[in-house]
Ligand SMILES: Cc1cc2nc3c(=O)[nH]c(=O)nc-3n(C[C@H](O)[C@H](O)[C@H](O)COP(=O)(O)O)c2cc1C
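Below you can see the structure in the form of structure tokens.
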């Protein structure tokens, strides 16, 4: 595929005049939290998984496993997760630590900006714990998406394999965009491994890494909300001319 140079993508992921199809797909992926109920065929998810297999992994060990839920199976899981969230507060914790206990800068400021933008876009005051909790609860309904995925990894593997898993997850989400779909990766669901394990027959050696909602975005959920830092903020160049 001919790829043009001089791609211009601003911090909101909006591509400028010179662009290529891969950049378009990457920059138009976003975390969608409002899905339409338009169904997604099993064959579409199979295509997404088939192409995502080409994600790289150290020594090609391909450490991922995915449980794909739709229809009654998804509804049943959603109900159980929601029940646990509402009735068993504090009783469910992830088997791995996703967030640092304390965020140093610049991560603290970015997280605060996320909170302002995210809850601001929903008209929720950050001090309104009940409204924030109602928003969190939507995770368990996969934000209304017709497909929910639960991604697991073998706990006997080391941290490096989590790099592989992240690449696989991103590749799935990009393959979804290529088919007009959007997604939302969800670490929130990893907390409920004790509910998910028996329902999905997840073997003991598998750890729940995250969930992913996938489907067609509602019109109002098609715009990027989250900006990105400029390249200068995270990249250092050496040895180039000019
Ligand atoms: C591994 C991972 C876990 C996430 N978990 C959640 C989650 O549980 N619930 C949620 O609403 N968003 C979740 N997100 C979405 C992030 O908030 C989102 O990626 C970030 O704000 C950047 O926005 P964007 O994906 O739209 O570019 C998660 C993202 C990643 C990569």
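Residue numbers (UniProt numbering): 1 to 242.
For every residue, glycine included, the Cβ atom is placed at its ideal position computed from N, Cα and C.
(1) Please state the DSSP three-state secondary structure of residue 37.
(2) So residue 33 and residue 138 are in contact, right, with Cβ under 8 Å, and what is the actual spacing, rounded?
(3) Pick out the complete beta strand (DSSP E) segments inside the stretch 186 to 240, 3 residues or longer, and give them in chain order.
(4) Using the C-alpha atoms, what's the distance from residue 176 back to residue 22?
(5) Thinking residue 188 and residue 136 are a contact (beta carbons under 8 Å), I'd like their distance in whole angstroms, please.
(6) Alpha carbon to alpha carbon, how far is residue 65 from residue 112? Give it in angstroms, no decimals.
(7) Hey, is residue 218 close to ligand 1, as in C-beta under 7 Å from one of its heavy atoms?
(8) Would residue 40 be called buried (16 or more neighbouring beta carbons within 10 Å of its own) or exposed?
(9) My guess is that residue 211 and residue 58 are in contact by the Cβ rule of under 8 Å, so how many angstroms apart are they, rounded?
(10) How many whole angstroms separate the CB atoms of residue 200 and residue 67, which I take to be in contact at a CB cut-off of 8 Å?
(11) Any idea what DSSP makes of residue 45, helix, strand or coil?
(12) Is residue 129 helix, strand or coil by DSSP?
(13) How about residue 188: is its Cβ closer than 7 Å to a heavy atom in ligand 1?
(14) Would you mind reading off the limits of the alpha helix (DSSP H) that contains residue 148?
(15) Does ligand 1 have a heavy atom nearer than 7 Å to the CB of residue 224?
(16) Roughly how many angstroms separate the alpha carbons of residue 106 and residue 120, rounded to a whole number?
(17) Work out the CA separation of residue 74 and residue 54 for me, nearest whole Å.
(18) Going by DSSP, name the residue or residues bridged to residue 65.
(19) Skipping 5 residues on each side, what residues in its chain have a beta carbon closer than 8 Å to that of residue 93?
According to the data block:
(1) Here residue 37 refers to the residue found at position 37 of the chain shown. Looking at residue 37 - three-state DSSP - the assignment turns out to be coil, as it is neither helix nor strand.
(2) Here residue 33 is taken as the residue at index 33 of the chain shown, counted from 1. Here residue 138 is taken as the residue at index 138 of the chain shown, counted from 1. Yes, they are in contact, since the Cβ atoms of residue 33 and residue 138 sit about 7 Å apart, within 8 Å.
(3) The beta strand (DSSP E) runs lying completely inside the stretch 186 to 240 and spanning 3 residues or more are 206 to 215, given in chain order.
(4) For this step, residue 22 is matched to residue 22 along the chain shown. For this step, residue 176 is matched to residue 176 along the chain shown. For residue 22 and residue 176, the distance between alpha carbons rounds to 13 Å.
(5) In the chain shown, counting from the first residue as 1, residue 188 sits at position 188. In the chain shown, counting from the first residue as 1, residue 136 sits at position 136. For residue 188 against residue 136, the beta-carbon gap comes to about 7 Å, under 8 Å, which counts as contact.
(6) Translated into the one-based positions of the chain shown, residue 112 becomes position 112. Translated into the one-based positions of the chain shown, residue 65 becomes position 65. Those two C-alpha atoms are separated by around 33 Å.
(7) Reading the chain shown from its first residue, position 218 is the one you call residue 218. False, no ligand heavy atom lies under 7 Å from that Cβ.
(8) Locating residue 40 in the chain shown gives position 40, counting from the first residue. Looking at its Cβ environment, which holds 16 or more other Cβ atoms inside 10 Å, residue 40 is buried.
(9) Taking the first residue of the chain shown as 1, we reach residue 211 at position 211. Taking the first residue of the chain shown as 1, we reach residue 58 at position 58. Contact between residue 211 and residue 58 is absent: CB atoms are separated by about 24 Å, not below the 8 Å threshold.
(10) Along the chain shown, read from residue 1 onward, the residue named residue 200 stands at position 200. Along the chain shown, read from residue 1 onward, the residue named residue 67 stands at position 67. Distance from residue 200 to residue 67 at the Cβ level is roughly 5 Å; contact confirmed, criterion being Cβ atoms closer than 8 Å.
(11) As a working note, residue 45 is residue 45 in the chain shown. Residue state for residue 45 is assigned as helix, using DSSP reduced to three classes.
(12) In the chain shown, residue 129 corresponds to position 129, counting from 1. Residue 129: helix per DSSP, three-state reduction.
(13) On the chain shown, residue 188 is found 188 positions in, with the first residue counted as 1. The answer is yes for residue 188.
(14) Here residue 148 refers to the residue found at position 148 when the chain shown is read from its first residue. In this chain, residue 148 is not harboured by any alpha helix (DSSP H); it is covered by the beta strand (DSSP E) spanning 147 to 154.
(15) For the purposes of this step, residue 224 is taken as residue 224 along the chain shown, with counting starting at 1. Answer for residue 224: yes, Cβ within range of ligand 1.
(16) Residue numbering aside, residue 106 sits at position 106 when the chain shown is read from its first letter. Residue numbering aside, residue 120 sits at position 120 when the chain shown is read from its first letter. Each residue's alpha carbon lies about 21 Å from the other.
(17) Here the question's residue 54 lines up with position 54 in the chain shown. Here the question's residue 74 lines up with position 74 in the chain shown. If I take the Cα positions, the gap works out to 27 Å.
(18) Along the chain shown, one-based indexing puts residue 65 at 65. In the DSSP output, where bridge partners are listed per residue, residue 65 has 152.
(19) Here residue 93 is taken as the residue at index 93 of the chain shown, counted from 1. Shown here for residue 93: same chain residues with a beta carbon closer than 8 Å to its own, the five before and five after excluded, namely 191 in chain order.
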